[in-house]
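At the far end of the sequence shown sits residue 482, using UniProt numbering, and the numbering has no gaps.
All C-beta atoms in this analysis are idealised placements derived from N, C-alpha and C, irrespective of residue type, glycine included.
What follows is a short report on a single structure.
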Amino acid sequence: MANEVKSLNDECGVFGIWGTPDATRLTYDGLHALQHRGQEGAGIVSNDHNQLHRYRGLGLLAQVFEDPQTLEILNGNSAIGHIRYATAGSHSINNIQPFLFENISNHFAISHNGNLTNADTLKRELSAKGVQFQSDSDSELFGDLIEVSEMDNFTDKIKDAANRMRGGFAYILMATDAMYAVSDPNGLRPLVMGKRADGSVVICSETCALDQVRAEFIRDIQPGELIKVDGDGIKIGHYTTDTELTVCSMEYIYFARPDSVIHGVSVHEARKRMGARVAREHPVKADVVLGVPNSSLSAAIGYANESGIPYDMGMIKNQYVARTFIEPTQKKRERGVSMKLSVVKSVIEGKDIVLVDDSIVRGTTSRYIVQLLRDAGAKSIHVRIASPDLKFPCFYGIDIQKPSELIGANYSVDGIRDQIGADSLGYLSVDGLIDSIGLKCDNQYHGLCTAYFDGKYPTPLYDYEAMYKREAKRLHLYEGMD
Ligand code: SF4
């Protein structure tokens, strides 16, 4: 369901463009297509090749850049931008990106999507070297590491810094003479590159933003890559070759826009396959299939096609809910649900219903929706989740890091069914998820991070290891865990 009404949010969206007079406007348009990835703040840094110019603020992109003059002061033919959903750091303007770094030898700005798992260690090391942090977000550490690097040239400083970071990170960096992009060694967060008809190069989180600025897709940025774009064109290099693609499966399930394509897989088609598979894994007799708007609609269509039960529009999402209801606090989110969703009574009254949703996080939203359908006269409600049970926390850029916050870590499937008040509940299996996404990759693995569901983290957890083990042990997530 929509990001803003579910207690699960991706960290951010990033966008960068090199080599067009309309760079700032196009960055705004590209960020607009990525607004679903965060609503807490937005910013743009433009580059006139002498200086970098920044404007940033709290709120939705359109609110931050409400005054048209704010875009006009951002001169230059290249720009990067960022939209933020906070996972690390407080909700202050200081944490709104892009971050600017202006020391004597280098001027650059960075935009980040993800979460560093060794941020505390890096902060301690950097503090010991006298670094003054400009925010309390882990995202700025890449810039700090570049500034303290003792390598000779700027590209080597970037490589040096990238090799120090652990976790999930997709960075775009704008220097006065070049734009760079860096993906973590697992490619956990998506990053794509495209080109416009005027020759300008775009790098951004999702292909929907390429489409928005009429850029033709060139390629996904691969794990461990360092891309440099400047007056000489595009250079593809690596800061490490110790890589293995494990892109975040939640991107396909929930975060990405359905019109995006990630590593060759259409998000909409993957969601339809997930819905079809859960229909095979958990069949039920019913009169109508409903999807929770908006991110579950593709899966609901898949369920209906596979089961032969007609799909109908039984729920409506109000698109015009005030900013206050999409802030990242649980209380506001819950209130946001009641403001955002309503039902079409004629579709529901007296019917046996299959309700397809993409995931259950804390369970409060599902409970609310099931009650909404009961109040509208549903005879029975069979909830089908087009992803596996969320049992384990994410440390790579999602805002739930404690198993105690996940209903799936605390209750059995029957227990969750009772908690949300459904007549039956069925989840997609992990194998079903992997098959449905159907990522083709070179390594022997399936190319996905599925840690949320099976606890198989593709990297060590570094600074989070102790906290995670404590929580997991308390909740008996692992049998025989030491
Ligand atoms: S743990 Fe979950 S949300 Fe986090 S990167 Fe892995 S699949 Fe994505």
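In the DSSP assignment, the alpha helix (DSSP H) including K157 goes from what residue to what residue?
Unbroken alpha helix (DSSP H) run through K157: 154 to 164.
Should I93 go down as buried or exposed, given a rule of 16 or more other Cβ atoms within 10 Å for buried?
I93 is exposed by the Cβ-count criterion.
What alpha helix (DSSP H) runs, 4 residues minimum, are completely inside the region 269 to 312?
297 to 307
Closest Cα partner of G438 within the set L355, I301, S249
S249
Assuming contact is defined by CB atoms lying nearer than 8 angstroms, are V213 and D48 in contact in what I supplied?
no
Would you kindly work out how many angstroms separate the C-alpha atoms of Y464 and G168, rounded to a whole number?
13 angstroms
Cutting at 7 angstroms between CB atoms, please list the residues of its own chain near G350, excluding the five before and the five after it.
G377, K379
Simplified DSSP state of C248, which is helix, strand or coil
Under the three-state reduction of DSSP, C248 is assigned to strand.
Report the residue from A409, F65, P460, G59 whose alpha carbon sits nearest the alpha carbon of G38.
G59
Around the Cβ of Y320, are there at least 16 other Cβ atoms within 10 angstroms (buried) or fewer (exposed)?
So Y320 ends up on the exposed side.
Three or more beta-carbon pairs under 8 angstroms between the region 216 to 228 and the region 394 to 411, yes or no?
Flag = no, the region 216 to 228 and the region 394 to 411 do not touch.
Distance check for K345 and Y252, CA to CA, integer angstroms please.
31 angstroms
Just checking Y55 against the ligand SF4 - is the residue's beta carbon closer than 7 angstroms to any of the ligand's heavy atoms?
no
Contact check, I369 vs L390, beta carbons under 8 angstroms:
no
Within the chosen definition, does the region 71 to 86 reach the region 158 to 178 through at least 3 CB pairs nearer than 8 angstroms?
yes
Where the alpha helix (DSSP H) containing D352 begins and where it ends
Not the alpha helix (DSSP H): D352 falls in the beta strand (DSSP E), residues 352 to 357.
Check whether the Cβ atoms of G432 and V278 lie closer than 8 angstroms to each other.
yes
Buried or exposed, going by whether 16 or more other CB atoms sit within 10 Å of the CB of E40?
buried
Ordered list of alpha helix (DSSP H) runs contained in the region 178 to 227, each at least 4 residues
207 to 212
In this structure, does DSSP put H82 in helix, strand or coil?
Looking at H82 - three-state DSSP - the assignment turns out to be strand.
How do the region 200 to 215 and the region 19 to 36 stand: do at least 3 beta-carbon pairs fall below 8 angstroms, yes or no?
yes
Report yes if the C-beta of A256 is less than 7 angstroms from at least one heavy atom of the ligand SF4; otherwise report no.
no
Confirm, please, whether the CB-CB distance from V45 to L100 is below 8 angstroms.
yes
Does the count of Cβ pairs from the region 292 to 308 and the region 265 to 278 closer than 8 angstroms reach three?
yes
I need the DSSP call for Y254, collapsed to helix, strand or coil.
helix
Segment limits, alpha helix (DSSP H) that includes H32:
Segment 23 to 33, the alpha helix (DSSP H) holding H32.
Mind checking who Y55 pairs with in its DSSP beta bridge?
I44
Check for me: the alpha helix (DSSP H) holding R124 runs from which residue to which?
119 to 128
So what's A131 in DSSP terms, helix, strand or just coil?
Just to set this straight, residue 131 is Val in the shown sequence, not Ala. In the three-state reduction of the DSSP assignment, V131 falls in the coil class, being assigned neither a helical nor a strand state.
Kindly indicate which three-state DSSP category D230 falls into: helix, strand or coil?
strand
Determine, using beta-carbon pairs with one atom in the region 189 to 196 and one in the region 136 to 153, whether at least three such pairs fall under 8 angstroms.
They do not touch, by the three-pair rule.
What does the alpha-carbon distance come out to for the pair I110 and Y468?
Cα to Cα, I110 sits roughly 29 angstroms from Y468.
Measuring CA to CA, which of Q97, M165, I158 is closest to A181?
I158
Between S436 and A270, is the Cβ-Cβ spacing less than 8 angstroms?
yes
Once you ignore the five residues that flank G16 on each side, which residues in its own chain have a CB closer than 6 angstroms to its CB?
I80, I172, M179, I203
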